[in-house]
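Participant: Take this structure first; my questions come after.
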Amino acid sequence: MSAPVSPLIAACLDVLLALLVLGATVVSALAPRGGLPWRLRLRRLLDVVATAAAAVVLVGVATAIVPGDPVARALGEDAPESARTAMAETMGLHHRDVLPGTLVPLAVGGRVLSGLVLGLVDDDGGLRSYRREPVWSVIAPRLASSVRLGGVALGLGVVLGVLLGALAGLRHGRPGGGAIDLVVVGLAALPRVVLGPALVAVVAVAWRLLPAGGDDDVAALVLPALCLALRFGGVVARHVRVGVVDVVDEPFVRAARSRGAGPLRVAVRHVLPQALLPVVHLTGLQAGAVLSGAVVVERVFSWPGLGTLLVERLQLGDLPVVVAIVAVSAVLVVTMNVLADAVAVVVDPRLRRGRAP
Amino acid sequence: MAPWMLRHLLVWLAGILVVSACGAARHGDDGGRPAIRVAVGSAPDSLDPRLATGAVGVRLSQLVAPPLCVVDDRLEPRLLLAQEIVQVDDRTVDVELRSGLAVGADDVVFTFASMLDPALGSPHRGRLDVVAGVVVLDDRSVRFTLKGPHAPFVVDVLCASGIVRRADCGDSERCRTHPRGNGPFRRVDDGSQPDRLLLRREAEADGRPDLDVRIVRDGSARLLSLLAGDLDVVMGDVQPWDVGPMQRAGLSVEATAGVGFSYLGINVRTEPLADSRVRRALALAIDTKQLVAGRLQGRGHRSSGVLPPGHWAKAAAVVPVDVDRDRARALLREAEVAPGTTLRLLSSTDRLRQSSARAIASQLEAIGLHVDVEVRDWSVVYERLKAGHFELVLAKWTPVVEPDLLTTTVHSGRIPGPGVVAGGNRGAFVDVDVDGWLDEARITTDVQARARLYGLVEARLQEGVPFVPLWVDDEVIASGPRVRGPDGVSPLRPWRTGSFWPLVDAVVVDEGPR
Chain A
8 MSAPVSPLIA
18 ACLDVLLALL
28 VLGATVVSAL
38 APRGGLPWRL
48 RLRRLLDVVA
58 TAAAAVVLVG
68 VATAIVPGDP
78 VARALGEDAP
88 ESARTAMAET
98 MGLHHRDVLP
108 GTLVPLAVGG
118 RVLSGLVLGL
128 VDDDGGLRSY
138 RREPVWSVIA
148 PRLASSVRLG
158 GVALGLGVVL
168 GVLLGALAGL
178 RHGRPGGGAI
188 DLVVVGLAAL
198 PRVVLGPALV
208 AVVAVAWRLL
218 PAGGDDDVAA
228 LVLPALCLAL
238 RFGGVVARHV
248 RVGVVDVVDE
258 PFVRAARSRG
268 AGPLRVAVRH
278 VLPQALLPVV
288 HLTGLQAGAV
298 LSGAVVVERV
308 FSWPGLGTLL
318 VERLQLGDLP
328 VVVAIVAVSA
338 VLVVTMNVLA
348 DAVAVVVDPR
358 LRRGRAP
Chain B
68 MAPWMLRHLL
78 VWLAGILVVS
88 ACGAARHGDD
98 GGRPAIRVAV
108 GSAPDSLDPR
118 LATGAVGVRL
128 SQLVAPPLCV
138 VDDRLEPRLL
148 LAQEIVQVDD
158 RTVDVELRSG
168 LAVGADDVVF
178 TFASMLDPAL
188 GSPHRGRLDV
198 VAGVVVLDDR
208 SVRFTLKGPH
218 APFVVDVLCA
228 SGIVRRADCG
238 DSERCRTHPR
248 GNGPFRRVDD
258 GSQPDRLLLR
268 REAEADGRPD
278 LDVRIVRDGS
288 ARLLSLLAGD
298 LDVVMGDVQP
308 WDVGPMQRAG
318 LSVEATAGVG
328 FSYLGINVRT
338 EPLADSRVRR
348 ALALAIDTKQ
358 LVAGRLQGRG
368 HRSSGVLPPG
378 HWAKAAAVVP
388 VDVDRDRARA
398 LLREAEVAPG
408 TTLRLLSSTD
418 RLRQSSARAI
428 ASQLEAIGLH
438 VDVEVRDWSV
448 VYERLKAGHF
458 ELVLAKWTPV
468 VEPDLLTTTV
478 HSGRIPGPGV
488 VAGGNRGAFV
498 DVDVDGWLDE
508 ARITTDVQAR
518 ARLYGLVEAR
528 LQEGVPFVPL
538 WVDDEVIASG
548 PRVRGPDGVS
558 PLRPWRTGSF
568 WPLVDAVVVD
578 EGPR
């Protein structure tokens, strides 16, 4: 059982936490890079933590700054005083009573961050949604859904993009090449808000092959994953195509051909490996966003992911859940970028030697 | 990249695909029981009737923990758990429960006591301010003592408060998500599948179906899922433009006049809208017939005031205002409003509201007013309404069943401000006669007298025009071929209040492809 802390001390601790997090993030961003590999890895790890923490603090600060009463927004104007007090405490807005106005946003930022971290180890002590559910219990099933959808979509997108991009690059300037280019550009440009309903109308309604929405079984995953993957695959294909076109006439490729290697072997062993590096970075950039929620696809296919939860809770003014989603998204985005960098270092020896590719 | 790395990458990708896909291979265990797949437009905020405030939460909670009475299609209270409700005197109401219920008098007292307890944080506590005490008379009877005469008590309190079991909700967080009362259903899913709730029959009922409730937020997704056969029923949330495709596809679409009152709100604190002649001019310039026929595609009824058509307190003399733009222009000239005067009309992002706002703007152009339509997210609209930062706003009150809602919307004591509870008079309309009639109607228990008073109020509002009544939406149920009404032949028919109660007696006639 913890001893009660005076409201002023609690408020000051929250302000201090917010200042520490923001300060550490700025220092981390400005500090010079380089040094021993283990230090670099540690720095990367700290980047992930600091970015997520700073994002949470900034959302808390923004909530306290924007006009209106966030408690009334979350609970409605007719909510009883007890519920208002509890929500104000959850959000850190009760610090208004003991702190000067200028410090309140920082206190709110610090409070939501500490509440979020505490919620990871203790459901009862951490942040709770406006419906009084522990925030992590709200987030967890949605995150699992988003990761499932995002994972399949990214996998499909990479496979589709690499195959299509390679084909487009190898057929560049030959008969049929223009048509493949058109398909690639078309996929990359196709808005999901159009593609999604079209897929449902054809595959689910007209042909009755797959479910129109929901997340009941594997079959329900196919259409939303395809909707995400087709566009992502189009973007990947464009990058792969450029890479293939760049290297397809390089001396080492011509040498391979002259040694009698067949077209498939040349493509797989000599051309594609050179063209795939941009795909690693691209996948890293896209992965964080896709895994942390794809609002349009989730709505069209009634997929219960993080994106729709974020929109729903933003409209309700449910700050605790919003900051939790922001934190998760920040961690996912930064982690996927760090992973992409790590994979790039592994696949390209020039990066290991500190040279630009 | 070395070839071995490429191979590894492909193996990893395949692994991710398989693992991710397998994660989806789960399904709520329905034990082979028939279930109706029902779509609703938003997630219920709670199934505990003491906490639910959203339309979906309130309606679903009624299936689990119904109240003592419900409001029927005549918009009058109909006994449900109660055998009898007796007004002993103007401060005492006795309720006798039906026999054989799973809830008793002790549960009724517990429900109301817990709602009054600040520790629960019930958003309905304000409604119970009028209650001085609730006591058990015997196993099946309770007595409510009121602080003063309060005519809306039965509809606003007894018919709006689901009764939960003390044994399940006495000291349990689980009650927030899995409450139990005397409803025909209980929730059996563990909440692990987001956006899906499984409501199972409390008792075996001759193979009558359970409910598989799915939250489908997007209107087009609801339509397409119904057409694809993935859903059986869409309760409410059927957009007017979806009705045609549904009917053409052979789905059943049943509608009835609802109880949602859409209106053009007017902030009478702003110029030139402070002048009642200008407000009357707006009412005369807006063609509600055209709006209902065009924007709602006939799925609604013109409105003459807050109270819906057919309501027991609706005065026959209060009828929708017909368009008369010449008279509207004359009123504007009288009020010395210069041609081209600009008004700002606030609307939420809802598709129907947006398009209606634009139609209204163009109708007001016809009398020489220029209207800028501001489309904002609903949370912003709501904040601005409460703060009084608007000139015109397109909004809706729902459900309008108890005529005392007029007090919330036009009584001068309900202009939002510090200390004002339920401040719904956002346009700051003031009329002392209206205040007096409303106050009197609140404490008058004679139904005829109340109806007369509300008739006076609605007639006065047509002169003062604190808002322009637009329409009453239809309540719609769309259903596929698997589901039928209790006789197994007729389609599911909606209640005016949008209650989910029609699902209680629904039957599955064809297991067919699911």
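Going down the list, the protein sequences come from chains A and B.
Start counting the first sequence at 8; every next residue gets the next number (the numbering used here).
Start counting the second sequence at 68; every next residue gets the next number (the numbering used here).
Where is the CB? At the ideal position from N, CA and C, for every residue including glycine.
A quick note: this is a predicted structure, and the numbers were derived from the prediction, not measured.
In three-state DSSP terms, what is Ile187(A)?
Facilitator: Three-state result, Ile187(A): helix.
Participant: Helix or strand or just coil, what does DSSP make of Pro311(A)?
Facilitator: If DSSP states are grouped into helix, strand and coil, Pro311(A) belongs with coil.
Participant: Residues bridged to Leu413(B) by DSSP?
Facilitator: According to DSSP, which records beta bridges pairwise, Leu413(B) is partnered with Glu441(B) and Val460(B).
Participant: Would you kindly report the start and end of the unbroken beta strand (DSSP E) that includes Gly367(B)?
Facilitator: First-last of the beta strand (DSSP E) with Gly367(B): Gly367 to Arg369.
Participant: In this structure, does DSSP put Trp379(B) in helix, strand or coil?
Facilitator: If DSSP states are grouped into helix, strand and coil, Trp379(B) belongs with coil.
Participant: Using the beta-carbon of each residue, which ones in chain A are nearer than 7 Å to Trp464(B)?
Facilitator: In chain order: nothing, as chain A lies at least about 14 Å away.
Participant: Using only alpha-carbon positions, find the residue among Ser343(B), Ile544(B) and Asp500(B) that is nearest to Leu290(B).
Facilitator: The residue with the shortest Cα to Cα distance from Leu290(B) is Ile544(B).
Participant: What is the DSSP secondary structure of Tyr521(B), counted as helix, strand or coil?
Facilitator: Tyr521(B): helix per DSSP, three-state reduction.
Participant: Give the interface partners of Ser152(A) over in chain B, defined as CB-CB distance under 8 Å, in chain order.
Facilitator: Going along chain B in sequence order, the residues near Ser152(A) (Cβ under 8 Å) are Pro261.
Participant: With 8 Å as the threshold, decide whether the Cβ of Pro311(A) is near any Cβ in chain B.
Facilitator: So, interface residue.
Participant: Going by CA-CA distance only, name the one from Glu338(B), Arg519(B) and Arg481(B) that's closest to Leu459(B).
Facilitator: Answer by Cα proximity: Glu338(B).
Participant: In the DSSP assignment, the alpha helix (DSSP H) including Trp308(B) goes from what residue to what residue?
Facilitator: Pro307 to Arg315 is the extent of the alpha helix (DSSP H) around Trp308(B).
Participant: If we call anything under 8 Å between Cβ atoms a contact, is Arg232(B) one with Arg247(B)?
Facilitator: Yes, Cβ-Cβ distance for Arg232(B) and Arg247(B) is below 8 Å.
Participant: Can you look up Glu151(B) in the DSSP assignment and give me helix, strand or coil?
Facilitator: Glu151(B): strand per DSSP, three-state reduction.
Participant: Does the beta-carbon distance from Leu129(B) to Gly229(B) come in below 8 Å?
Facilitator: Reading off the sequence shown, one finds Gln at residue 129(B), where the question assumed Leu. Cβ distance < 8 Å, so Gln129(B) and Gly229(B) count as in contact.
Participant: Can you have a look at Ser265(A) and say buried or exposed, based on whether 16 or more other CB atoms are within 10 angstroms of its CB?
Facilitator: So Ser265(A) ends up on the exposed side.
Participant: So with Cβ pairs under 8 Å, would you call Gly296(B) a contact of chain A?
Facilitator: Yes - at least one Cβ of chain A is within 8 Å of the one on Gly296(B).
Participant: For Ala227(B) and chain A, any beta-carbon pair shorter than 8 Å?
Facilitator: Chain A contact via Cβ: absent.
Participant: Return yes when the Cβ of Val571(B) is within less than 8 Å of the Cβ of Pro251(B), no when it is not.
Facilitator: Yes, Cβ-Cβ distance for Pro251(B) and Val571(B) is below 8 Å.
Participant: Is the Cβ of Pro270(A) closer than 8 Å to any Cβ of chain B?
Facilitator: By this cut-off, Pro270(A) is not an interface position.
Participant: Can you tell me the Cβ-Cβ gap for Val63(A) and Val338(A), rounded? I've got them flagged as a contact below 8 Å.
Facilitator: The pair is not a contact, with the Cβ atoms about 10 Å apart (cut-off 8 Å).
Participant: Is the CB-CB distance between Gly240(A) and Gly168(A) below 8 Å?
Facilitator: Yes, these two residues count as a Cβ contact at 8 Å.
Participant: What residues from the segment 178–205 of chain B come within 8 Å of chain A, judged by C-beta to C-beta, listed N to C?
Facilitator: The segment 178–205 of chain B vs chain A, Cβ under 8 Å: Pro185, Ala186, Gly188, Ser189, Pro190, Arg192 and Gly193.
Participant: Please name the residue, chosen from Ala114(A), Arg103(A) and Val254(A), that lies closest to Leu27(A) on a Cα-to-Cα basis.
Facilitator: Closest by alpha carbon: Ala114(A).
Participant: Roughly how many angstroms separate the alpha carbons of Ala495(B) and His478(B), rounded to a whole number?
Facilitator: Going from the Cα of Ala495(B) to the Cα of His478(B) covers about 9 Å.
Participant: At what residues does the alpha helix (DSSP H) containing Asp500(B) begin and finish?
Facilitator: Counting along the chain, the alpha helix (DSSP H) containing Asp500(B) begins and ends at Val499 to Ile510.
Participant: Closer than 8 Å by C-beta to Gln364(B): which residues in its own chain qualify, once you throw out the five before and the five after it? Chain order, please.
Facilitator: Counting only Cβ-Cβ distances below 8 Å, and skipping sequence neighbours, we find Pro307, Trp308, Val310 and Gly311.
Participant: Between the beta-carbon of Val550(B) and the beta-carbon of Val320(B), is there less than 8 Å?
Facilitator: No. Outside cutoff.
Participant: Mind checking whether Gly126(A) and Gly117(A) have CB atoms under 8 Å apart?
Facilitator: It is not a contact, given that the beta carbons lie outside the stated cut-off.
Participant: For the beta strand (DSSP E) that contains Trp538(B), what are its first and last residues?
Facilitator: Here the beta strand (DSSP E) through Trp538(B) covers Phe534 to Ser546.
Participant: Going along chain A in order, which residues have a C-beta closer than 7 Å to the C-beta of Ser319(B)?
Facilitator: Here the premise fails: no neighbours, minimum Cβ distance about 17 Å.
Participant: Tell me the rounded alpha-carbon separation between Gly95(B) and Arg281(B).
Facilitator: Interpretation of Gly95(B) is limited by its pLDDT of 41, a score under 50 that renders its predicted location unreliable; no figure is taken from the coordinates.
Participant: With DSSP as the reference, label Pro561(B) as helix, strand or coil.
Facilitator: Three-state DSSP puts Pro561(B) in coil, outside helix and strand.
Participant: Does any residue of chain B have a CB that is nearer than 8 Å to the CB of Phe308(A)?
Facilitator: Yes - at least one Cβ of chain B is within 8 Å of the one on Phe308(A).
Participant: Just how far apart, CA to CA, sit Leu20(A) and Thr109(A)?
Facilitator: Their Cα atoms are separated by approximately 15 Å.
Participant: Let me confirm a value: Thr409(B) is counted as buried when at least 16 other C-beta atoms fall within 10 Å, else exposed. Which label applies?
Facilitator: Classification of Thr409(B): exposed, given that the 10 Å Cβ count is below 16.
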